[in-house]
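Visitor:
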Amino acid sequence: MKIALIIFPLHPSHGCILQTYALYYTLKKKGHDVTIVNRQWAAPSLLGYLKRIGKNMYLRLFHGYKGAIFYEGAYPKSNMVELNAFIEKYLKADTITVYNERALKDLSHIHFDAYIVGSDQTWRPKYVPNIYNYYLNFIPSGNKVKRISYAASFGTEDWEYNQIQEDICRKLISKFSAISVREDSGIKICRDYFYVNAQLVVDPTLLLTLEEYKDLVNYTSVGSDNSLSCYLLDRTINKEDVIEYVSRVKGLIPVYVNTETENSFAELSKQIAPSIETWIGGFIRAEFVVTDSFHAMLFSILFNKPFIVIGNRKRGITRFVSFLNSIGLEERLVSDISDITLELINKTVDWEFVNNQISSQRRKSINFLMDALK
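Position 215 (the sequence shown) corresponds to 220 in this note's numbering; numbering is contiguous.
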């Protein structure tokens, strides 16, 4: 079957890139012809471009800003140098990048059999400039192509759509032949606001096994054995205190898996995202992990590494709660250092139980995909 995979824009996020790869690879393994549609946001208008340059120059002169002066998209291209090697090797040949709705409408000329939306917070309006694209509004009226969502996420249990968005998206989603979401709260949202049924599935990164990830990278050449791997999207004093406390209790040296990709005030050399190989190796070879990232948490679990995840309410905490509850590890989600005890740090995880739960969820999720594509 010829499939168009409509994804969240590829950017300096290891989770974003790996979830795209995992869903793409899973579909390819099943014999499907997959095209990744990388829906990038459009560049600003000339006036907006000039305003951005002016703002960046002001920040550079008076506030220590070290990011790009000229507009290069949501992230400077330099941030993607290491990640692009992975994209070039595994994804680029089957990827189409589009910047507007007209280009999306042109996809109809390719005659896809199915469109799959997924994954991540593709259904969260505050993160998506044109939310309707992720409800496949660009498919011509009357086209009987299959419309499917895989692990789409609203990012929160709260309803963030305005009335116009709600009405339009309700009409669009009614045309879907199969709907799945990443969080159990998404099932309730679909039922209460869109009047449709949705199935819970795992994040695409969990569709692949530990061995498949080990085969993907030469992880033995990167990372540090017996380390405390730290992956923080938003560094704060509170989170640094958690790292210091855990490292002291466990007698481990903290090793930061990520750079300061999203900190425009850091040196440019520190804003370059590490390679996929380095990122995965940082978890495989770690003894313990501290993170505030959803996907870093997933990889810690997949690689059977004890961890503590610090809730990141600004980015959305529902996904953490939903998945951890499903595998019995909800106590490992904390808000600050006061939630952490010696018992929690030293508690042994029943990895056999966790692995069995993930294997079961993986099978159900793959079955959902295969049934949806029949």
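Built from N, CA and C at the ideal position, the CB exists for glycine as well.
#1: Between residue 236 and residue 202, which are expected to be in contact by the criterion C-beta below 8 angstroms, what is the C-beta distance as a whole number of angstroms?
#2: Looking at the unbroken alpha helix (DSSP H) that takes in residue 91, where does it start and where does it end?
#3: Enumerated in chain order, which unbroken segments of the beta strand (DSSP E) with a length of 3 residues or greater are wholly contained in the stretch 279 to 311?
#4: For residue 301, collect the residues of the same chain with a Cβ closer than 6 angstroms to its Cβ; drop the 5 residues on either side in sequence, then sort them by chain order.
#5: Identify whether residue 220 lies in helix, strand or coil by the three-state DSSP scheme.
#6: Taking the beta carbon of residue 191 as the centre, do at least 16 other beta carbons fall within 10 Å, making it buried, or is it exposed?
#7: Looking at C-beta atoms only, is the number of pairs between the stretch 305 to 324 and the stretch 352 to 361 that lie closer than 8 angstroms three or more?
#8: Is the stretch 91 to 105 touching the stretch 14 to 31, taking contact as three or more C-beta pairs under 8 angstroms?
#9: With which residues is residue 41 paired in a DSSP beta bridge?
#10: Between residue 297 and residue 314, which are expected to be in contact by the criterion C-beta below 8 angstroms, what is the C-beta distance as a whole number of angstroms?
#11: Going by DSSP, which residues form a beta bridge with residue 254?
#12: State the DSSP-derived secondary structure class of residue 259, mapped to helix, strand or coil.
#13: Express the C-alpha separation of residue 222 and residue 282 in angstroms, rounding to a whole number.
#14: Any idea what DSSP makes of residue 236, helix, strand or coil?
#15: Along the chain, where does the alpha helix (DSSP H) containing residue 22 start, and where does it finish?
#16: Spatial neighbours of residue 43 within its chain, please: CB distance less than 8 angstroms, with the 5 preceding and 5 following residues excluded, ordered by chain position.
#17: Have a look at residue 195 and residue 127 and give me their C-alpha separation to the nearest angstrom.
#18: Using a Cβ-Cβ cut-off of 8 angstroms (strictly less than) and excluding sequence neighbours within five positions of residue 138, which residues of its own chain qualify?
#19: From the DSSP secondary-structure annotation, give me the bridge partner or partners of residue 139.
#20: Using only the alpha-carbon positions, how far apart do residue 32 and residue 153 sit?
#21: According to the Cβ coordinates, are residue 345 and residue 339 closer than 8 angstroms?
Guide: Walking through what the data contain:
#1: Within the sequence shown, residue 236 is the residue found at index 231, counting from 1. Within the sequence shown, residue 202 is the residue found at index 197, counting from 1. Contact flag wrong, Cβ pair sits at about 35 angstroms.
#2: By one-based count along the sequence shown, residue 91 stands at place 86. 86 to 95 is the extent of the alpha helix (DSSP H) around residue 91.
#3: 291 to 296
#4: On the sequence shown, residue 301 is found 296 positions in, with the first residue counted as 1. Cβ within range, chain order: 236.
#5: Residue 220 sits at position 215 when you count from the first residue of the sequence shown. It is helical.
#6: Mapped onto the sequence shown, residue 191 falls at position 186. With 16 or more other Cβ atoms within 10 Å, it is buried.
#7: yes
#8: yes
#9: As a working note, residue 41 is residue 36 in the sequence shown. Paired residue(s): 10 and 100.
#10: The residue you call residue 297 lines up with position 292 of the sequence shown. The residue you call residue 314 lines up with position 309 of the sequence shown. At roughly 7 angstroms, the Cβ-Cβ gap stays under 8 angstroms, so residue 297 and residue 314 are in contact.
#11: Against the sequence shown, residue 254 aligns to sequence position 249. According to DSSP, which records beta bridges pairwise, residue 254 is partnered with nothing at all.
#12: Walking along the sequence shown from the start, residue 259 turns up at place 254. Of the three classes helix, strand and coil, the one that applies to residue 259 here is strand, per DSSP.
#13: Taking the sequence shown and counting its residues from 1, the one referred to as residue 282 is at position 277. Taking the sequence shown and counting its residues from 1, the one referred to as residue 222 is at position 217. When rounded, the distance between both Cα atoms is 5 angstroms.
#14: For the purposes of this step, residue 236 is taken as residue 231 along the sequence shown, with counting starting at 1. Three-state result, residue 236: strand.
#15: Within the sequence shown, the letter at position 17 stands for residue 22. Residue 22 -> alpha helix (DSSP H) spans 19 to 34.
#16: Counting from 1 along the sequence shown, the entry for residue 43 is found at position 38. Contacts found: 12, 14, 15, 100, 101, 102 and 103.
#17: If you number the sequence shown from 1, residue 195 lands on position 190. If you number the sequence shown from 1, residue 127 lands on position 122. Distance between the alpha carbons of residue 195 and residue 127: 14 angstroms.
#18: Walking along the sequence shown from the start, residue 138 turns up at place 133. Answer for residue 138: 11, 44, 106 and 109, listed in chain order.
#19: In the sequence shown, residue 139 corresponds to position 134, counting from 1. Note: residue 139 sits in no beta bridge, so no partner.
#20: Your numbering for residue 32 matches position 27 in the sequence shown. Your numbering for residue 153 matches position 148 in the sequence shown. One C-alpha to the other measures close to 13 angstroms.
#21: In the sequence shown, counting from the first residue as 1, residue 345 sits at position 340. In the sequence shown, counting from the first residue as 1, residue 339 sits at position 334. Contact: yes.
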